[in-house]
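Chains as they are written, first to last, in our numbering: chain W, 1 to 111; chain F, 112 to 225.
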């Protein structure tokens, strides 16, 4: 079955620095979604990417979908304490109803 | 508009007991699903439904049953609780089963089996 791998599992960032988390699939995806889960909370939908090479921005967050539609990245600039949490990517295959979630990248921020 | 409502928020069960985790959504979403979240393993799909009367298994269905008699409700039943079922359970819904819309998650049920 489809697998979505996310790296790194943990990211410790100094406040103000940038970082990137990566998502890779074993198969071509029809779309990819990103979610954020604050500590003790539930996942919250951030964005969906559909087109090959697509780039979308949300303030300091930049999301990218690879040309082959097998990988994606989330880049956060000037990290703030409000960015703390776990970021999940989730991909859907062409012939699948279901999203497969990566294991997530847990971000901590040093003030 | 409450979104996705899960009850209870916390539950402790003894091994062998059964119980039902409730999930209700008021957004007229077609697709509903149950995930469990364990440390380092992300979200694993237990069961899902693409509409009333239709359910199917996900990655980790053993020990769980579901039904979808209405669009709004999607309860998850633990048949005979085991310590391995200690986890955080999330119900999620989406406008369409086609996977082209973001999921709305409930606030979760934290289950401990002793």
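Every residue, glycine too, gets a C-beta built ideally from N, C-alpha and C.
query: N- and C-terminal bounds of the beta strand (DSSP E) containing residue 138(F); result: No beta strand (DSSP E) contains residue 138(F), which DSSP labels as neither H nor E.
query: DSSP state of residue 149(F) mapped onto helix, strand, coil; result: coil
query: Given residue 67(W) as reference, the closest of 10(W), 14(W), 18(W), 24(W) once Cα atoms are compared; result: 24(W)
query: CB contact check: residue 102(W) to chain F, cutoff 8 Å; result: yes
query: Same chain, Cβ closer than 6 Å to residue 145(F), neighbours up to 5 away in sequence not counted; result: 157, 158, 187, 202
query: Where residue 71(W) falls, given that 16 or more other Cβ within 10 Å makes a residue buried; result: buried
query: Contacts of residue 96(W) in chain F (Cβ-Cβ under 9 Å); result: 210
query: Interface positions of the region 147-160 of chain F facing chain W (Cβ-Cβ less than 7 Å), listed along the chain; result: 151, 152, 153, 154, 156, 159
query: Candidates 124(F), 128(F), 197(F), 143(F), of which the one nearest residue 215(F) by Cα; result: 143(F)
query: Residue nearest to residue 152(F) in terms of C-alpha spacing, selected from 56(W), 104(W), 30(W), 12(W); result: 104(W)
query: Interface residues of chain W facing residue 214(F) [CB-CB closer than 9 Å]; result: 33, 35, 43, 45, 90, 99
query: C-beta contact flag for residue 8(W) and residue 21(W) at 8 Å; result: yes
query: C-beta neighbour in chain W for residue 198(F), strict 8 Å; result: no
query: Rounded separation between residue 51(W) and residue 135(F) - CA only; result: 33 Å
query: Cβ of residue 48(W) within 8 Å of any chain F Cβ; result: yes
query: Short Cβ contact (8 Å threshold) for residue 101(W) with residue 154(F); result: yes
query: Same chain only: Cβ atoms within 6 Å of residue 64(W), ignoring 5 sequence neighbours per side; result: 55, 73
query: Status (buried if at least 16 other CB within 10 Å, exposed otherwise) for residue 12(W); result: exposed
query: Host beta strand (DSSP E) of residue 49(W) (start-end); result: 44-49
query: Own chain, CB closer than 6 Å to residue 10(W), minus 5 neighbours either side, in chain order; result: 106
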